[in-house]
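J.: Chains as they are written, first to last, in numbering that gives the first Met the number 0: chain G, 0 to 387; chain S, 0 to 284.
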Amino acid sequence: MEKHAKQRVVSPEYMFFEAPRTRHFITGSEAASEAVRRANLDIAIAYPITPQSETMQRVGDLFGEGFLKDYYRAEDEIGAFSAISGASRTGVRCLTASSGPGLMRGLEVIASWPGHRLPLVFLIMCRVINAPLSIQPDNLELAYMLNTGSVLFHAENQQDFFDYTLASFIISEKCEVTLPVSVAVDGFFVTHARGWVEMPSAELKLPGRDCYNEAVPMIDNENPPIRIARDAPIQKSNFISYQMHAAWQQEIHAAQERSRRWITRYMGGLLEITNPDAETIIIASGSAVSQSREALRQAQDMGHQVGLIKIKSLRPFPVQELRQACQHAKRIIVPEFNCVGWLNREVRATLYGHTEAEIADGPRVYGGITMPTEMILEWLLDAEKGGQ
Amino acid sequence: MALRTLNVAPGFMRFMPKEYQDLVEKGPFGRQIKVTDLGTFKEVLEEHPMCEGCAMAFFIRLSLAALPNPEHTVMVGTAGCGRLAISQAAIPFVYGNYCDTNGVATGLKRGLQIRFPGQHKDVVVMAGDGGLSDIGFSQVMHSWFRKEKFTTIMLDNEVYGNTGGQESGMTRKGEVVKMAPLGKQFEKIDMLGLAQTSGVAYIARLTPTNPSRVFSTIRKAVLIAREVGPTYVQAYTSCNIEYSIAPEKVLDDARQVEKERYGFVEIMSDEAKAYLERIDAESKA
């Protein structure tokens, strides 16, 4: 019997929390595709771009082995993202992925998925946005993703990439969510490097998509009412049209808010705190968290008490949790792998009026540079750096 | 909509709008409509906001009536005049983004095949010349290269009608329209030739002058797409506003264009021909 045919459907709770796990030393690309192996995925549509390709070609191999029902290489990102939107409308479980320039190319489509209320999982392997041309890790593209309406997670390492991807299928398809879920990781640092990943048996898989238990009807001609111009344009110039569009947009963001409950249940919350009582706090997401963890250890060795807040969910953003966690903070730094400092802006907007802490405008590296822990330490320990 | 979902729960029918009752009792679902039946049944499209005398509205009405299984058909459209009518029809309609019709249709067709392997679900793209030959060109071509099994129908009014009359790739060379102040500088795109090169199984070009021909063309295109491969229908559907054709002269114009340059062209692969012969023989048996 083929391996895929031997897979047993288990509940998300069993898969995520109860199933025995074994440790594997694998790359981020391998971790993501191992999540897909257990995801009961129906269709994946791929288009090559570094550093995303390895994951999606591995997913292609899974299709070859029978773990997926359909898979193809699209003509470009717009084609891939459009086609996956068509597939999602029919009620099948869907996956696509991209990086930097590819994501930017498909942004019109990505920003329309939530409005069409399309459950699907979108993996983002962050890469520099051209120009100049580069393939290096830099997560500037997430600045553009923040306002698309998609639920958006930022995975720190290979383990997160496995866990978040698997949980995303379930969160995306929850009735009160019915939205795309995007899982970002920093390219190369996570996708092409190895780390320890604990995984449940490959003989288990999640339950399939339950499409008639979602917020909108499927385009499958099997569910009433018979007139389903679900995606019809609302373009009349009158107040009914304005109200409809406004309400629709509000509903997207309300659905995003409603995903908090499932993120908390399946991912243990929107953020994670180390040393909650510290007055100096690092706030980070993605692989900047790993660098910060090491900087924190070094700072402690030097006798400094430092806290670390790992932001797991960028959308919805952990507003209340962050305010609570920063109540006693005196100094906050926000290490990031991008030029504009999108996380810094999020942190400032969230904490404005809720903290006395000085929030440093950095540290940041970009263009693919790694962030030495010395740089984080320098910003942590040198109070004068804040204004620079 | 599958027929079982068309009928509402017993006892509720009398509370449904008259229009819905008519669709259930006198609609085209679950039976084969002939062109001579027009006027005797409740059509899936009756009211629409298209301009007076619009040839496109007429062609869309005929095409929707000609669908072999409207109860299992999904329409896909994009920006342009056509979708103002198509979205009013009693057939599920997907309006996505600019350029995405044939990508969305690919995903729809594949998803429906996964979920309903034993049931033909017809996916039909119906969009304008700008939507298919300009902004959506890449996705149209690639859906043909991949041999995706759905029908693409171009409503060719030779101009961007909905945005107010700008040049499209299907505008004829020399025409002075908006954004072509000196007249269009290059020839109308040869979509039929491109379809042939791409191996499209059934290709047709026509005008709406002959309703029977529209019926048989659409029917063939949808049926062949089920089993053989992609099909393409290109219909001249003049924009009487931008090309200043009086509403009562629209069909005269269509006849003239048909005679002078558009004609009726039908190109079918041997496999498509054999398939049609087989299903015709089966229906007679």
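C-beta atoms are modelled at their ideal positions from N, C-alpha and C, and glycine is treated no differently. Keep in mind it's a predicted model, so treat the numbers as computed, not measured.
I want to see whether chain S comes within less than 8 Å of Ala222(G), judged by CB atoms only; does it?
T.: As a first step, residue 222(G) is located in the first sequence; it is residue number 223 there, counting from the start. Looking at the sequence itself, residue 222(G) is Asn, so the reference to Ala does not match. Yes, Asn222(G) lies at the interface with chain S (some Cβ there is under 8 Å from its Cβ).
J.: I'd like the span of the alpha helix (DSSP H) that includes Pro210(S), first residue to last.
T.: Here residue 210(S) corresponds to residue number 211 of the second sequence, with the count starting at 1. Taken as a continuous stretch (DSSP letters only), the alpha helix (DSSP H) holding Pro210(S) covers Pro210 to Glu226.
J.: So for Gly102(S), helix, strand or coil by DSSP?
T.: As a first step, residue 102(S) must be located in the second sequence, where it is residue number 103. Note: Gly102(S) maps to helix in three-state DSSP.
J.: Taking buried to mean at least 16 other C-beta atoms within 10 Å of its own C-beta, is Lys283(S) buried or exposed?
T.: Here residue 283(S) is taken as the residue at index 284 of the second sequence, counted from 1. Exposed, because fewer than 16 other Cβ atoms sit within 10 Å of the Cβ of Lys283(S).
J.: Please state if the CB of Arg57(G) and the CB of Glu29(G) are separated by a distance shorter than 8 Å.
T.: Numbered from 1 along the first sequence, position 30 holds the residue referred to as residue 29(G). Numbered from 1 along the first sequence, position 58 holds the residue referred to as residue 57(G). Cβ distance < 8 Å, so Glu29(G) and Arg57(G) count as in contact.
J.: Mind listing the chain G neighbours of Gly228(S)? Cutoff is C-beta to C-beta under 7 Å, in chain order.
T.: Walking along the second sequence from the start, residue 228(S) turns up at place 229. Here the premise fails: no neighbours, minimum Cβ distance about 15 Å.
J.: Bridge partners for His153(G) per DSSP, in chain order?
T.: For the purposes of this step, residue 153(G) is identified with residue 154 of the first sequence, where counting begins at 1. DSSP output for His153(G) lists Ala183(G) as bridge partner(s).
J.: Name the two residues that bound the continuous alpha helix (DSSP H) containing Ile281(G).
T.: As a first step, residue 281(G) is located in the first sequence; it is residue number 282 there, counting from the start. Segment Thr279 to Ala283 is the beta strand (DSSP E) holding Ile281(G); no alpha helix (DSSP H) there.
J.: To the nearest angstrom, report how far apart Ser142(S) and Asn101(S) are at their CA atoms.
T.: Numbered from its first residue, the second sequence carries residue 142(S) at position 143. Numbered from its first residue, the second sequence carries residue 101(S) at position 102. Ser142(S) and Asn101(S): Cα-Cα distance of roughly 6 Å.
J.: Give me the chain S residues within the contact set of Thr89(G), using Cβ-Cβ distance strictly less than 7 Å, ordered along the chain.
T.: Taking the first residue of the first sequence as 1, we reach residue 89(G) at position 90. Here the neighbours are Leu107, Gly110, Leu111 and Arg114.
J.: Identify which residue in Phe316(G), Glu221(G) and Ile375(G) has its Cα closest to the Cα of Arg73(S).
T.: As a first step, residue 73(S) is located in the second sequence; it is residue number 74 there, counting from the start. A small fix is needed here, since residue 73(S) is Val in this sequence, not Arg. Nearest C-alpha to Val73(S): Glu221(G).
J.: With distances taken from CA atoms, which of Val120(G), Ala348(G) and Gly194(G) is nearest Gly318(G)?
T.: Position 319 of the first sequence, counting from 1, holds the residue named residue 318(G). The residue asked about is misnamed: residue 318(G) is Val in this sequence, not Gly. Closest option to Val318(G), Cα to Cα, is Ala348(G).
J.: Nearest-angstrom Cα distance between Tyr242(S) and Gly192(S)?
T.: As a working note, residue 242(S) is residue 243 in the second sequence. As a working note, residue 192(S) is residue 193 in the second sequence. Approximately 26 Å between the Cα atoms of the pair.
J.: Report all residues from its chain with a CB closer than 6 Å to the CB of Cys93(G); omit the five preceding and five following residues, and keep chain order.
T.: Here residue 93(G) refers to the residue found at position 94 of the first sequence. Within the same chain, Cys93(G) has close Cβ partners Ile42, Ile83, Ala86, Ser87 and Leu119.
J.: Can you check whether the C-beta of Ala82(G) is within less than 8 Å of a C-beta belonging to chain S?
T.: Along the first sequence, read from residue 1 onward, the residue named residue 82(G) stands at position 83. Yes, Ala82(G) lies at the interface with chain S (some Cβ there is under 8 Å from its Cβ).
J.: In whole angstroms, what separates the C-alpha of Leu350(G) from that of Gly198(S)?
T.: As a position in the first sequence, residue 350(G) is number 351, starting the count at 1. As a position in the second sequence, residue 198(S) is number 199, starting the count at 1. For Leu350(G) and Gly198(S), the distance between alpha carbons rounds to 60 Å.
J.: Measuring alpha carbon to alpha carbon, tell me which residue in Gly186(G), Asp162(G), Ser181(G) and Thr95(G) is nearest Gln135(G).
T.: Residue mapping note: residue 135(G) aligns to position 136 of the first sequence, counting from 1. Here the closest residue by C-alpha is Gly186(G).
J.: Given a limit of 9 Å on CB to CB distance, which residues of the region 196 to 219 of chain S reach chain G?
T.: Result list empty, no residue passes.
J.: How is the beta strand (DSSP E) around Thr177(G) delimited, first residue to last?
T.: Here residue 177(G) refers to the residue found at position 178 when the first sequence is read from its first residue. Run containing Thr177(G): none; DSSP gives neither H nor E here.
J.: Using the beta-carbon count (16 or more within 10 Å), is Thr279(G) buried or exposed?
T.: Sequence index remark: in the first sequence, residue 279(G) carries index 280 (1-based). When all chains shown are included, Thr279(G) counts as buried.
J.: What does Cys98(S) reach in chain G if we use C-beta pairs closer than 7 Å?
T.: Stepping through the second sequence from its first residue, residue 98(S) is reached at position 99. Within chain G, the residues near Cys98(S) are Ile77.
J.: Ignoring anything shorter than 3 residues, give me the beta strand (DSSP E) runs that lie fully in the region 10 to 42 of chain G, in order along the chain.
T.: Runs of the beta strand (DSSP E) inside the region 10 to 42 of chain G: 20 to 26.
J.: Please report how far the alpha carbon of Met15(S) lies from the alpha carbon of Asp99(S), in whole angstroms.
T.: Here residue 15(S) refers to the residue found at position 16 of the second sequence. Here residue 99(S) refers to the residue found at position 100 of the second sequence. So the alpha carbons of these two residues sit roughly 35 Å apart.
J.: At a cut of 8 Å, does the region 117 to 131 of chain S reach the region 78 to 85 of chain S through at least three beta carbon pairs?
T.: With the cut-off at 8 Å, the region 117 to 131 of chain S and the region 78 to 85 of chain S touch.
J.: For Gln31(S), return the contacting residues in chain G, with the cut-off set at a CB-CB distance below 9 Å.
T.: Within the second sequence, the letter at position 32 stands for residue 31(S). Within chain G, no residue comes near Gln31(S); the closest Cβ sits about 18 Å away, beyond 9 Å.
J.: What does the alpha-carbon distance come out to for the pair Glu42(S) and Gln233(S)?
T.: By 1-based counting over the second sequence, the position of residue 42(S) is 43. By 1-based counting over the second sequence, the position of residue 233(S) is 234. In a straight line, the C-alpha of Glu42(S) is about 23 Å away from that of Gln233(S).
J.: Which chain S residues are close to Ser111(G), counting only those with a beta carbon under 9 Å from its beta carbon?
T.: Translated into positions along the first sequence, residue 111(G) becomes position 112. Correct list: Gly95, Asn96 and Asp99.
J.: Below 8 Å on the Cβ atoms is my contact criterion, and I expect Leu295(G) with Ile281(G) to pass it. Report the Cβ-Cβ distance as a whole number of Å.
T.: Here residue 295(G) refers to the residue found at position 296 when the first sequence is read from its first residue. Here residue 281(G) refers to the residue found at position 282 when the first sequence is read from its first residue. Correct: roughly 7 Å between the Cβ atoms.
J.: Hey, could you find the ends of the alpha helix (DSSP H) Ser81(G) is sitting in?
T.: For the purposes of this step, residue 81(G) is taken as the residue at position 82 of the first sequence. Its alpha helix (DSSP H) spans residues Glu76 to Arg88.
J.: Could you give the distance in angstroms between the alpha-carbon of Ile227(G) and the alpha-carbon of Ile90(S)?
T.: Working through the first sequence from its first residue, we reach residue 227(G) at position 228. Working through the second sequence from its first residue, we reach residue 90(S) at position 91. Low confidence applies to Ile227(G): its pLDDT is 49, below 50, so where it sits in the model is not reliable, and the reading given next is rough at best. If you take the alpha carbons of Ile227(G) and Ile90(S), they lie about 7 Å apart.
J.: To the nearest angstrom, how far is the alpha carbon of Tyr231(S) from that of Ile152(S)?
T.: In the second sequence, residue 231(S) corresponds to position 232, counting from 1. In the second sequence, residue 152(S) corresponds to position 153, counting from 1. Approximately 6 Å between the Cα atoms of the pair.
J.: What residue range does the alpha helix (DSSP H) around Leu2(S) cover?
T.: Within the second sequence, numbered from 1, the residue matching residue 2(S) stands at position 3. Run containing Leu2(S): Leu2 to Leu5, per the alpha helix (DSSP H) assignment.
J.: In chain G, which residues lie less than 9 Å from Ser137(S) when you measure between Cβ atoms?
T.: The residue labelled residue 137(S) in the question sits at position 138 within the second sequence. Chain G residues near Ser137(S): Glu74, Asp75, Ile77 and Gly78.
J.: Using DSSP's beta-bridge definition, name the partner residues of Trp143(S).
T.: Against the second sequence, residue 143(S) aligns to sequence position 144. None, per the DSSP bridge assignment.
J.: List the endpoints of the continuous alpha helix (DSSP H) containing Glu345(G).
T.: As a first step, residue 345(G) is located in the first sequence; it is residue number 346 there, counting from the start. Here the alpha helix (DSSP H) through Glu345(G) covers Trp341 to Leu350.
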